[in-house]
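Below you'll find the structure, written out as structure tokens, and then a few comments.
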Amino acid sequence: MDVIIESLPQYWDGFLRTLFLAVVSGIIALVVGTLLAAARVSPVAALRGFSMAYVEVVRNTPLTIAFFFAAVVLPRLGVTFQQFEVAAIIALSAYTSAFIAEAVRSGVNSVPVGQAEAARSIGMKFGQVLSLIILPQALRTVVPPLINILIALVKNSSVAGAFYVLELFGYGKQLANEHGDAVMWVLVGVAFFYLLITVPLGYLAHQVERKVAIAR
Amino acid sequence: MTSVLYDVPGPKARRVSLIGSVIGVVLIGGLLALAIVTLAQQGIFQAQRWAIFGQADVWTLILNGIGATLSAAAISAVIAFPLGLLLCLMRISDIAWIRIPTRIVLEFLRGMPVVLMMLFVLLVFATSSFIAVVAGLVLYNSAIFAEIIRAGIQSLPKGQREAGLAIGLTSFQSRLSVELPQAIRRMLPSLVAQLVVLLKDTSLGYIVAYGELLRAVQVMADFLGPQFLFPVFFVAAAIYIAINLAVSRLAIWIERRGSKKAAGGVAKAPTAGVSTVVK
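Chains A and B, in that order, give the protein sequences. So the mapping is simple: this note's numbering equals the position in the first sequence, first residue as 1, plus 301. So the mapping is simple: this note's numbering equals the position in the second sequence, first residue as 1, plus 5.
Have a look at this one:
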């Protein structure tokens, strides 16, 4: 167990890097995913088609493939990165945004049609219908799945460690090489730091779910 | 497609959305064209780079990669499902000293990256990378399966269990012969959707040096030369997506079939939350 205490600086560094990857990719993915969801429910057919194709393809692509593309294939196509983090953030946010788009869309669709019809029938404009009637109800159902997607994002960021980014998993691999006799404890330490992020988030998702649950 | 957000469009709205469509197509088409031109400048479309797919050796490697990917996925799924059932039963057991430790274990397994479990098994037990991949996938997915089935059991009307107990079944018998069959049937779409996640996660085997499809791409690119990386990668990615799309379609088909039946009397499972399998 000494190895965990001894390597705390590396763990801490990796922990912060993991958080950084998750937060930055999470924010980008939230923005892109919401835009994709908006395109998916918009009246414009071309946008709907594009959003649908993107979500379908990306959701069925393994994350490792996305990383491999960003970190190995892109550089050979002439797109080089100063830091591997940039490639990691591109892969993570492109991947996560598809899941966010799907969650937001299902939230919008979970609102009964009658709600919007009633709002329109009393003379509300599109913007009012969206901001006063649909979104407040949609968001309630969507927050727990969104948190679950962010938990998955934290766990997925571990793939970055295999593609030259020194985050938690990356340090874990490095430390495991250095301390061949204490591999188990090294990795238990890594696991602990992941759980430090994912378990509280899971608890939060559960609480939100209980709080906003509405019987329809 | 009807949406909650707008009415069936009239002539003016149709005109506006047509204009929007044209602008959208031009924008998206422009971006695609830019990407293709960039790729062409790198010489990606030279026929000789794609000619390698005429060679039998290349296909042997690709097929071996697919075989490795699918066998890892199939074996993991076959082990993980019964294990998930068992974990689910332990998680909802009436006996606290079974329920609480199981809950902690499940929480632990769900909160960790799969690739970390693979690396753990690989290094700590000094196994082959195949066993590491399968063990990692089994550990993670059995926990997920357990949670999916638990959600199914909890979505059943309370009367199911009460009726079971009332006719003299033990708690365990009621779970086994009344609740589980219904729960599994309700959750079938989610369970199949989780298979897509499992299949996708086999590609993490690349990281622990398992010879799956992506590893085959890397090996070929190292062997043939970097200029062939893109074509081989492109084909491999297309194969992955095709396989996963097929399984996704299966999940959607099962869901539709289920909801058709639902109209005939069987209550439909609540979809919010449980159907969004995330990975």
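We treat Cβ as the ideally placed atom computed from N, Cα and C, and that holds for glycine. The model shown is predicted, which means the values in this text are computed figures rather than measured ones.
Next item on the list: Could you tell me whether the Cβ of Pro-344(A) comes closer than 8 Å to any Cβ of chain B?
Entry: With respect to chain B, the C-beta atom of Pro-344(A) has a partner C-beta closer than 8 Å.
Margin query: Check whether chain A comes within 8 Å of Ala-277(B), counting only Cβ atoms and requiring the distance to be less than that.
Written below: Because the pLDDT at Ala-277(B) is just 41, under 50, the model does not fix this residue reliably, and the point stays unresolved.
Item checked: Inter-residue spacing [alpha-carbon to alpha-carbon] between Glu-112(B) and Val-489(A) -> Straight-line Cα distance between these residues: approximately 15 Å.
Margin query: Please list, in chain order, the chain A residues whose beta carbon lies closer than 8 Å to that of Val-129(B).
Written below: Those are Val-484, Met-485, Leu-488, listed as they occur along chain A.
Notebook entry, point to check: If we ignore side chains and look at the alpha-carbon of each, how far apart do Leu-37(B) and Gln-232(B) end up?
Noted result: 22 Å
Margin query: Tell me the residue span of the alpha helix (DSSP H) that contains Leu-39(B).
Written below: 16 to 46
Notebook entry, point to check: What runs of the alpha helix (DSSP H), each 4 residues or longer, lie entirely inside the segment 380 to 450 of chain A?
Noted result: 385 to 411, 414 to 422
Check: Ile-158(B) touches chain A at which residues, Cβ-Cβ below 9 Å?
Finding: Chain A residues near Ile-158(B): none, gap ~17 Å exceeds 9 Å.
Next item on the list: Return the Cβ separation of Ile-71(B) and Leu-219(B) in integer angstroms, given the expectation that the two are a contact with Cβ distance under 8 Å.
Entry: No, Ile-71(B) and Leu-219(B) are not in contact; Cβ-Cβ is about 11 Å, not under 8 Å.
Margin query: My parser needs the alpha helix (DSSP H) runs of 4 or more residues fully inside the segment 302 to 360 of chain A; what are they?
Written below: 303 to 307, 309 to 342, 346 to 360
Notebook entry, point to check: Using 8 Å as the Cβ pair cut-off and three pairs as the minimum, do the segment 317 to 336 of chain A and the segment 447 to 457 of chain A touch?
Noted result: Because the criterion of three Cβ pairs below 8 Å is met, the segment 317 to 336 of chain A and the segment 447 to 457 of chain A touch.
Check: For Val-374(A) versus Ile-448(A), is the C-beta distance shorter than 8 Å?
Finding: no
Margin query: Taking the beta carbon of Ser-308(A) as the centre, do at least 16 other beta carbons fall within 10 Å, making it buried, or is it exposed?
Written below: buried
Margin query: Quick check: the Cα distance between Val-387(A) and Ala-463(A), rounded to an integer number of angstroms?
Written below: 14 Å
Notebook entry, point to check: Does the Cβ-Cβ distance between Ser-26(B) and Pro-14(B) come in under 8 Å?
Noted result: no
Check: Hey, is Ile-136(B)'s beta-carbon within less than 8 Å of any beta-carbon in chain A?
Finding: no
Next item on the list: Could you check if Asp-206(B) is buried or exposed, using at least 16 other CB atoms within 10 Å of its CB as the buried criterion?
Entry: buried
Next item on the list: Could you list the residues in the segment 238 to 269 of chain B with a C-beta less than 7 Å from some C-beta on chain A, going in chain order?
Entry: Phe-238, Ala-242, Tyr-245, Ile-246, Asn-249, Leu-250, Ser-253
Next item on the list: Using a Cβ-Cβ cut-off of 8 Å, state whether Ala-272(B) counts as contacting chain A.
Entry: Legend: pLDDT at Ala-272(B) = 47, less than 50; position of this residue unreliable, no value from coordinates given.
Notebook entry, point to check: Touching or not, the segment 433 to 449 of chain A and the segment 406 to 418 of chain A, by the rule of three or more beta carbon pairs under 8 Å?
Noted result: Inter-segment contact for the segment 433 to 449 of chain A and the segment 406 to 418 of chain A is present: three or more beta-carbon pairs are separated by less than 8 Å.
Next item on the list: Return helix, strand or coil for Gln-51(B), following the three-state DSSP convention.
Entry: coil
Check: Between Ser-459(A) and chain B, is there a C-beta pair that is closer than 8 Å?
Finding: It does: the Cβ of Ser-459(A) has a partner Cβ on chain B nearer than 8 Å.
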